[in-house]
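Protein chains: 2
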Amino acid sequence: MISLKDVTKEYRLGKSVINALRGIDLEINEGEFISLCGPSGSGKSTLLNLIGCLDFPTSGKIMVMDKDVSELSDAVLSRLRNNTIGFIFQMFNLIPVLTAYENTEYPLLILGMNRKERQARVSRMLDEVGLSKFIKHKPDELSGGQRQRVAIARALVTNPKIVLADEPTANLDSQTGIEILELMKMMNEEHKTTFIFSTHDQKVVRYAKKVYNITDGRINS
Amino acid sequence: MISLKDVTKEYRLGKSVINALRGIDLEINEGEFISLCGPSGSGKSTLLNLIGCLDFPTSGKIMVMDKDVSELSDAVLSRLRNNTIGFIFQMFNLIPVLTAYENTEYPLLILGMNRKERQARVSRMLDEVGLSKFIKHKPDELSGGQRQRVAIARALVTNPKIVLADEPTANLDSQTGIEILELMKMMNEEHKTTFIFSTHDQKVVRYAKKVYNITDGRINS
Ligand SMILES: Nc1ncnc2c1ncn2[C@@H]1O[C@H](COP(=O)(O)OP(=O)(O)OP(=O)(O)O)[C@@H](O)[C@H]1O
Ligand SMILES: Nc1ncnc2c1ncn2[C@@H]1O[C@H](COP(=O)(O)OP(=O)(O)OP(=O)(O)O)[C@@H](O)[C@H]1O
Ligand SMILES: [Mg+2]
Ligand SMILES: [Mg+2]
Chain A
1 MISLKDVTKE YRLGKSVINA LRGIDLEINE GEFISLCGPS GSGKSTLLNL IGCLDFPTSG
61 KIMVMDKDVS ELSDAVLSRL RNNTIGFIFQ MFNLIPVLTA YENTEYPLLI LGMNRKERQA
121 RVSRMLDEVG LSKFIKHKPD ELSGGQRQRV AIARALVTNP KIVLADEPTA NLDSQTGIEI
181 LELMKMMNEE HKTTFIFSTH DQKVVRYAKK VYNITDGRIN S
Chain B
1 MISLKDVTKE YRLGKSVINA LRGIDLEINE GEFISLCGPS GSGKSTLLNL IGCLDFPTSG
61 KIMVMDKDVS ELSDAVLSRL RNNTIGFIFQ MFNLIPVLTA YENTEYPLLI LGMNRKERQA
121 RVSRMLDEVG LSKFIKHKPD ELSGGQRQRV AIARALVTNP KIVLADEPTA NLDSQTGIEI
181 LELMKMMNEE HKTTFIFSTH DQKVVRYAKK VYNITDGRIN S
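Protein chains in written order, with our numbering: chain A, 1 to 221; chain B, 1 to 221.
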């Protein structure tokens, strides 16, 4: 479903080059529940961004849903991201002027879903992440962990095939983190949703069926 | 050194009122290493903001360094925050156009420190948090955990009397988190720096000498 072959990613800063990813080979099948672990700065977010087609490799090949992403037009890539992928950002990336409800609803508007269906889905999703009392709050009227949960709700509300979750429990207490993981485990079992986590949280690692360790841009085998 | 008496904090959202803090009594002495724990949304960040004089209670009294903060002028409050308090924000709040070095240096400029001394302190601090190779990176050229460490370096570089740390290890792997806690423990032992953490991380709780649990705006005793 997703495959990376000899993928590298370089960033340039003035004269220096940062080798964020140094030759990644990775295969991910449908329905997997995978965790990517490694020290701060080791390349986890970079890798997730490439898989999610939010960024492109410096070299190497990435296939998503059996398509070489470097050969897709912007329009097709955009559709792939909206219809197939749900992304939970490490920094949440919520829209400041929209409420928790509106932020969560946004991807469904892009999909052209009708109002009645959107309302049902958004309410249920926000309830699943424990935020039904906070639907009218904007991000700056929410706690850190509440913002994280809006980011989670927004990524899951389209019922995507692939969920890329960048440190989804970082700002959550143990109990809330477990509730989120149980929700994701259920989606994985019921819909065969593929989950790829980047995490420092041992609870997430325990839920994962496969763990890849990344250090300094390489996956340790 | 810090005392809160019957402190409440209300937020208004349209017609509804959110009671973020519901009568907090708390005494913190110099040199303490305290952790504040509780579920997402329970009031931890709100409490830290009040102690750090970044916000004011709806009712109740807050004393910092034996002064009633509601009686201080803006100028005195500002000096209190700059000279005495170091704040590590849950969302980092780095200045996007400044590099890691410049973000860390900023509080020393406010203190009017000379260039040679600033240079020595900033370099040492960024080295302590493992970022000497990243001093020229701006926030958007850093990983989540690297940004968190810049926020930490910036809060500690003035060698403040009181450090308010809002989830300082949330985006760090275990090893890096421990290194940060060891640094803070050393400052606490050498300088009697007072540390107040809000955290979901059991590692931080283990380092703390006192733990307060907060649920729904109240401290459980
Ligand atoms: N500006 C605001 N307007 C309305 N409600 C607010 C505002 N800021 C915070 N709140 C609410 O106050 C409560 C406490 O928020 P706070 O940020 O202190 O929680 P927290 O314990 O730090 O949570 P977390 O662990 O998720 O960071 C939350 O329920 C939040 O929704
Ligand atoms: N735009 C950029 N320019 C230069 N270097 C960058 C840029 N973005 C990321 N980097 C560097 O690439 C490396 C990998 O970053 P990445 O965000 O993937 O790490 P990470 O494993 O997610 O870390 P964390 O656990 O701290 O979130 C880091 O050393 C970072 O400084
Ligand atoms: Mg990251
Ligand atoms: Mg908080």
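Cβ coordinates follow ideal geometry from the N, Cα and C atoms, glycine included.
Exposure label - Y11/A; buried when at least 16 CB within 10 Å: Along the first sequence, read from residue 1 onward, the residue named residue 11/A stands at position 11. Exposed.
Cα-Cα separation, F92/B to S70/A: Taking the first residue of the second sequence as 1, we reach residue 92/B at position 92. Taking the first residue of the first sequence as 1, we reach residue 70/A at position 70. About 34 Å.
is_contact[L172/B, chain A] using C-beta, thresh 8 Å: By one-based count along the second sequence, residue 172/B stands at place 172. Yes, because at least one Cβ of chain A sits closer than 8 Å to the Cβ of L172/B.
Nonlocal neighbours in the same chain, by C-beta distance under 6 Å from H196/A, ignoring five residues either side: To locate residue 196/A, count along the first sequence from 1; it is residue 196. The question names His, yet the displayed sequence has Ile at residue 196/A. Same-chain partners within the cutoff: I34 and L164.
Bridge partners - A165/B, DSSP secondary structure assignment: As a first step, residue 165/B must be located in the second sequence, where it is residue number 165. BP columns for A165/B point to I88/B and F197/B.
Cβ-Cβ distance between I51/A and I2/A below 8 Å: Residue mapping note: residue 51/A aligns to position 51 of the first sequence, counting from 1. Residue mapping note: residue 2/A aligns to position 2 of the first sequence, counting from 1. A contact, by the Cβ cut-off of 8 Å.
Backbone CA spacing between T169/A and G144/B [nearest angstrom]: Position 169 of the first sequence holds residue 169/A. Position 144 of the second sequence holds residue 144/B. So the two alpha carbons sit approximately 14 Å from each other.
Residue nearest to K161/B in terms of C-alpha spacing, selected from K15/B, N19/B and M65/B: Within the second sequence, residue 161/B is the residue found at index 161, counting from 1. Here the closest residue by C-alpha is M65/B.
Under 7 Å (Cβ pairs) to chain B, residues found in the stretch 42-58 of chain A: S45
Paired residues, beta bridge with N19/A - DSSP: As a working note, residue 19/A is residue 19 in the first sequence. The partner list for N19/A (beta bridge, DSSP) reads E10/A.
DSSP beta-bridge partners of C37/A: If you number the first sequence from 1, residue 37/A lands on position 37. Note: C37/A sits in a beta bridge opposite N213/A.
Residue-level contact to chain B via CB, H191/A, 8 Å cutoff: Taking the first sequence and counting its residues from 1, one reaches residue 191/A at position 191. No, H191/A lies away from the interface with chain B (no Cβ there is under 8 Å from its Cβ).
P39/A at chain B interface by Cβ criterion, 8 Å: As a position in the first sequence, residue 39/A is number 39, starting the count at 1. It does; some Cβ of chain B falls within 8 Å.
CB contact check: T176/B to chain A, cutoff 8 Å: Against the second sequence, residue 176/B aligns to sequence position 176. Using a Cβ-Cβ cut-off of 8 Å, T176/B counts as an interface residue toward chain A, since at least one Cβ of chain A sits closer than that to its own.
Residues, ordered as in the chain, of the stretch 111-136 of chain B that lie near chain A by beta-carbon distance below 7 Å: K136
Beta strand (DSSP E) segment containing I219/B, residue limits: Locating residue 219/B in the second sequence gives position 219, counting from the first residue. Its beta strand (DSSP E) spans residues R218 to N220.
Test: M184/B CB closer than 8 Å to a CB of chain A: Numbered from its first residue, the second sequence carries residue 184/B at position 184. It does not: the Cβ of M184/B has no partner Cβ on chain A nearer than 8 Å.
Residue nearest to I178/A in terms of C-alpha spacing, selected from S40/B, V204/B, R22/B and L156/B: Locating residue 178/A in the first sequence gives position 178, counting from the first residue. Closest option to I178/A, Cα to Cα, is S40/B.
K15/A versus Y207/A - alpha carbon distance: Along the first sequence, one-based indexing puts residue 15/A at 15. Along the first sequence, one-based indexing puts residue 207/A at 207. Spanning the two alpha carbons is a distance of roughly 42 Å.
Per DSSP, the bridge partner or partners of K67/A: By 1-based counting over the first sequence, the position of residue 67/A is 67. Note: K67/A sits in a beta bridge opposite V64/A.
Listed by chain order, chain B residues near Y212/A by CB distance under 8 Å: Indexing the first sequence from 1 puts residue 212/A at position 212. Neighbours of Y212/A on chain B: none; closest Cβ ~14 Å, over 8 Å.
Cβ separation of T46/A and A75/A, assumed to be a contact under 8 Å, to the nearest whole Å: If you number the first sequence from 1, residue 46/A lands on position 46. If you number the first sequence from 1, residue 75/A lands on position 75. Contact doesn't hold; Cβ gap of about 25 Å is too wide.
CB contact check: E167/A to chain B, cutoff 8 Å: As a first step, residue 167/A is located in the first sequence; it is residue number 167 there, counting from the start. True, the Cβ-Cβ gap to chain B drops below 8 Å.
Cut-off 6 Å between Cβ atoms - residues of its own chain near N49/B, not counting five sequence neighbours on either side: Here the question's residue 49/B lines up with position 49 in the second sequence. D55.
Contact list for the stretch 138-149 of chain B against chain A, Cβ threshold 7 Å: E141, S143, G144, G145 and Q146
Three-state secondary structure assigned by DSSP to S174/A: Here residue 174/A is taken as the residue at index 174 of the first sequence, counted from 1. If DSSP states are grouped into helix, strand and coil, S174/A belongs with the helices.
Cα-Cα separation between E32/B and G112/B, rounded to whole angstroms: The sequence position of residue 32/B within the second sequence is 32, counting from 1. The sequence position of residue 112/B within the second sequence is 112, counting from 1. Their Cα atoms are separated by approximately 29 Å.
Residue range of the unbroken alpha helix (DSSP H) whose run includes N103/A: Here residue 103/A corresponds to residue number 103 of the first sequence, with the count starting at 1. Segment A100 to I110, the alpha helix (DSSP H) holding N103/A.
C-alpha gap between M187/A and D216/B, whole angstroms: For the purposes of this step, residue 187/A is taken as the residue at position 187 of the first sequence. For the purposes of this step, residue 216/B is taken as the residue at position 216 of the second sequence. One C-alpha to the other measures close to 30 Å.
Residue range of the unbroken alpha helix (DSSP H) whose run includes I152/A: What you label residue 152/A is simply residue 152 of the first sequence in a count that begins at 1. Here the alpha helix (DSSP H) through I152/A covers G144 to L156.
Bridge partners - K5/B, DSSP secondary structure assignment: Sequence index remark: in the second sequence, residue 5/B carries index 5 (1-based). Its beta-bridge partners are K61/B.
Where Y101/B meets chain A, residues with beta-carbon distance less than 8 Å: By one-based count along the second sequence, residue 101/B stands at place 101. Chain A residues near Y101/B: none, gap ~13 Å exceeds 8 Å.
Segment contact flag, the stretch 92-107 of chain B with the stretch 119-137 of chain B, C-beta cutoff 8 Å, min 3 pairs: yes
Same chain only: Cβ atoms within 7 Å of R121/A, ignoring 5 sequence neighbours per side: The residue given as residue 121/A occupies position 121 in the first sequence. L108 and V157.
Buried or exposed (CB count within 10 angstroms, at least 16 for buried), S73/B: For the purposes of this step, residue 73/B is taken as residue 73 along the second sequence, with counting starting at 1. With fewer than 16 Cβ atoms within 10 Å of its Cβ, S73/B is classed as exposed.
Coarse secondary structure for L26/A, derived from DSSP in three states: Here residue 26/A refers to the residue found at position 26 of the first sequence. Here L26/A sits in strand by DSSP.
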